[in-house]
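2 protein chains.
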Amino acid sequence: MKTSYHHGELRQALIDAARLLIKERMGNDFSLSDACRRAGVSTAAPYRHFSDKTQIINEVVAQGFADMTGRFRTAASAFPPGARERIVMVGQVYLTFAIDEPSLFRMMFSQRPNLSEEDIVTAQGKACFAYVIQEVLDYCTINGVEGDAQMIALQLWTLVHGAASLTIDGDYAKVAPQIDIGQMIALGAERLLFLLPRRAG
Amino acid sequence: MKTSYHHGELRQALIDAARLLIKERMGNDFSLSDACRRAGVSTAAPYRHFSDKTQIINEVVAQGFADMTGRFRTAASAFPPGARERIVMVGQVYLTFAIDEPSLFRMMFSQRPNLSEEDIVTAQGKACFAYVIQEVLDYCTINGVEGDAQMIALQLWTLVHGAASLTIDGDYAKVAPQIDIGQMIALGAERLLFLLPRRAG
DNA sequence: TTGCCATGTTAGTTGTTCTAACTTATGTTG
DNA sequence: CAACATAAGTTAGAACAACTAACATGGCAA
Numbered sequence: 411m412k413t414s415y416h417h418g419e420l421r422q423a424l425i426d427a428a429r430l431l432i433k434e435r436m437g438n439d440f441s442l443s444d445a446c447r448r449a450g451v452s453t454a455a456p457y458r459h460f461s462d463k464t465q466i467i468n469e470v471v472a473q474g475f476a477d478m479t480g481r482f483r484t485a486a487s488a489f490p491p492g493a494r495e496r497i498v499m500v501g502q503v504y505l506t507f508a509i510d511e512p513s514l515f516r517m518m519f520s521q522r523p524n525l526s527e528e529d530i531v532t533a534q535g536k537a538c539f540a541y542v543i544q545e546v547l548d549y550c551t552i553n554g555v556e557g558d559a560q561m562i563a564l565q566l567w568t569l570v571h572g573a574a575s576l577t578i579d580g581d582y583a584k585v586a587p588q589i590d591i592g593q594m595i596a597l598g599a600e601r602l603l604f605l606l607p608r609r610a611g
Numbered sequence: 411m412k413t414s415y416h417h418g419e420l421r422q423a424l425i426d427a428a429r430l431l432i433k434e435r436m437g438n439d440f441s442l443s444d445a446c447r448r449a450g451v452s453t454a455a456p457y458r459h460f461s462d463k464t465q466i467i468n469e470v471v472a473q474g475f476a477d478m479t480g481r482f483r484t485a486a487s488a489f490p491p492g493a494r495e496r497i498v499m500v501g502q503v504y505l506t507f508a509i510d511e512p513s514l515f516r517m518m519f520s521q522r523p524n525l526s527e528e529d530i531v532t533a534q535g536k537a538c539f540a541y542v543i544q545e546v547l548d549y550c551t552i553n554g555v556e557g558d559a560q561m562i563a564l565q566l567w568t569l570v571h572g573a574a575s576l577t578i579d580g581d582y583a584k585v586a587p588q589i590d591i592g593q594m595i596a597l598g599a600e601r602l603l604f605l606l607p608r609r610a611g
C-alpha cells in the first residue's frame, strides 16, 4: 500500500481543488485551507510547491486559458480553414466556457498586479487571445474580406467577450430578459464581419 | 470642539474609505479593518451600520452605478436628443469610468450571489443599464433607424462593455499594443448603428 | 548502509471578520 | 431640567485564513 506521508501529485491536486472551489464558491475568495482539506494535506503543505496563494491562483488561471484555447482548437477543427462556421464555433465556445465556469472566467480576465511579462498566465492568455484573432484573420485572408482585418478581429473578440461578461453577471436579464443572446451576437457579428446593410436608405 | 466618541457620518465615511481602498489596492480583497483605521474608528464600529462586509461592498457598488448614471446624464445633456454625439459621449463615459476605477468597475459587474430583486445594487444597476439602452432607443426613434432598436442597443452596450473590460485588464495590450481602442469602438459602433458598408463588393 | 533533501507535519504569529458585553452621548418626555 | 432609552461608539475575544519556523519522514544516490 501507499504510505500517505508523501502525496506525490500534490501540486496538481491543489490546483484542481482550487479550481473546483472557485467554481463552487463563485469567487476568488476561496480558502486555501479548504483546498488542503480536499487534497488531504495540512495547510502548510502548499508552501512546498507554491510561494503564495496568488501563485496557485495564477496556475489555475493559466490552465484555464490553456483549456479554453484547447476547446477553441477542437471546435474549429471540425470545419475547414476559411469556413464561416469556424468563427461561429469559436464564439460559441467562448460563451459556453464563461457560462460553465463564470468565476474562473472572471479571474482570467481580472488583471492581477505584479504580473511579469514572462509569467505563465501572460503567456497562456496571450496564446488564447492570439488564437481567436488569428482565426478571424485567416477568415478574412481566405475570403478576401475588405478592410482592416486586425480591426475586425478585435471588434468580434470585443463583442463576444462583452456578451460573455454581461451574460454571466446576469445583466442582460435585468434589462432585457426576453432577448436571445446567441442571436444578438450572431447578428452583431454578421454586421461587423460580413457586409449586411440593414437597408439601402 | 466636537467630542470624538460619536463620528456622526460614519456610514458614508466607511463607504468612501472602502471605495478608496478598492481603488488603491486594485481588488475586492481590501480589508474592512483598513477602512476603519481610515475613518478613525474601531473595527467593531461598522457593525452598527452594516450587517456584513458584503453589505458595505454592495453599498459601494450601488453608489458606483449611481455615479456612472449621473455622468452619463451630464455628458449627454450637452447635446440635443437624437444627436449622434449623445451616443458617442455615453460610450466614452463608460470607458473612462472603467479606466478611472477599474476595480470598482469589475466589482460592479461581478454578480454577487444572494442578491435580491429589491436590493439597491440591483436597482441602481438596472437604472444604469436602462439609461444606456434608452439613449440608443431614443436615437433610433428620432432618426428613424430601421431594424430592431432594442437589439441594436444591446449590441452597442455589449461592444462598449467588452472594450472597457478588455482595456482595463490590459488584454488588448497583450495582443495588439498598437491599436487605437477608441477608434476600434467608434468604427464598430458605426457599423452596428449606422449603415456603413465596408465596400460595395 | 548512510545520509541528503524533497516533501510532508505540527505549532505558532499575525491579521481579518464578526460577536458579546460594556460605555458614552444625545434627544425625548414627564 | 432630570432621567432614561437608545443610537453609536468601545474593548475583549472567538473563529479562521495565510504564512513561517522548526521538526519528521521517506525515497534516492553514492
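Note that the protein sequences, when read in sequence, are chains L and E. Every number in the numbering used here is 410 more than the matching position in the first sequence, counting from 1. Every number in the numbering used here is 410 more than the matching position in the second sequence, counting from 1. Even for Gly, the Cβ is constructed at its ideal location relative to N, Cα and C.
{"Item": "Excluding the five sequence neighbours on either side, which residues of its own chain have a C-beta within less than 7 Å of the C-beta of L420 of chain E, listed in chain order?", "Value": "A449, V451, A455 and H459"}
{"Item": "Nearest-angstrom Cα distance between L617 of chain E and L566 of chain E?", "Value": "Residue numbering for chain E in the displayed model covers 411 to 611; residue 617 of chain E lies beyond these limits and cannot be assessed."}
{"Item": "Hey, could you find the ends of the alpha helix (DSSP H) V546 of chain L is sitting in?", "Value": "I530 to N553"}
{"Item": "Taking the beta carbon of I552 of chain E as the centre, do at least 16 other beta carbons fall within 10 Å, making it buried, or is it exposed?", "Value": "exposed"}
{"Item": "For chain E, check one thing: does any of its Cβ atoms lie closer than 9 Å to the Cβ of R609 of chain L?", "Value": "Confidence at R609 of chain L is low in this model, with a pLDDT of 39, below 50, so the placement of that residue should be treated as unreliable; the coordinate-derived value is given next. Yes - at least one Cβ of chain E is within 9 Å of the one on R609 of chain L."}
{"Item": "I'd like to know whether the C-beta atoms of M594 of chain E and M594 of chain L end up nearer to each other than 9 Å.", "Value": "no"}
{"Item": "Could you check if I387 of chain L is buried or exposed, using at least 16 other CB atoms within 10 Å of its CB as the buried criterion?", "Value": "One cannot answer for residue 387 of chain L here, as it falls past the ends of chain L, which runs 411 to 611."}
{"Item": "Hey, out of L:V470, L:G580 and L:N524, whose CA is closest to M436 of chain E's CA?", "Value": "L:N524"}
{"Item": "Given a cut-off of 9 Å, decide if F475 of chain E and V531 of chain E are closer than it, judged by their beta-carbon atoms.", "Value": "yes"}
{"Item": "In chain E, what lies closer than 8 Å to T645 of chain L by C-beta?", "Value": "The structure shown does not extend to residue 645 of chain L, since chain L is modelled only from 411 through 611, so no value can be given for it."}
{"Item": "Contact defined as beta carbons within less than 8 Å: I believe A472 of chain E pairs with Q534 of chain E. What is the distance between those atoms, to the nearest angstrom?", "Value": "4 Å"}
{"Item": "State whether the stretch 579 to 591 of chain L contacts the stretch 587 to 601 of chain E, with contact taken as three or more CB pairs (one from each stretch) at a distance under 8 Å.", "Value": "no"}
{"Item": "What is the residue span of the alpha helix (DSSP H) that P512 of chain E lies within?", "Value": "P512 to M518"}
{"Item": "Work out the CA separation of V555 of chain E and E528 of chain L for me, nearest whole Å.", "Value": "48 Å"}
{"Item": "Tell me whether V471 of chain E sits in a helix, a strand or coil according to DSSP, three-state version.", "Value": "helix"}
{"Item": "Please state whether DSSP places E434 of chain E in a helix, a strand or coil.", "Value": "helix"}
{"Item": "Output needed in chain order: residues of the stretch 533 to 560 of chain E with a Cβ under 7 Å from some Cβ in chain L.", "Value": "G535, K536, F539, A540, I543, E556, G557 and Q560"}
{"Item": "Does the beta-carbon distance from E469 of chain L to I509 of chain L come in below 9 Å?", "Value": "no"}
{"Item": "Distance check for R522 of chain L and T479 of chain L, CA to CA, integer angstroms please.", "Value": "20 Å"}
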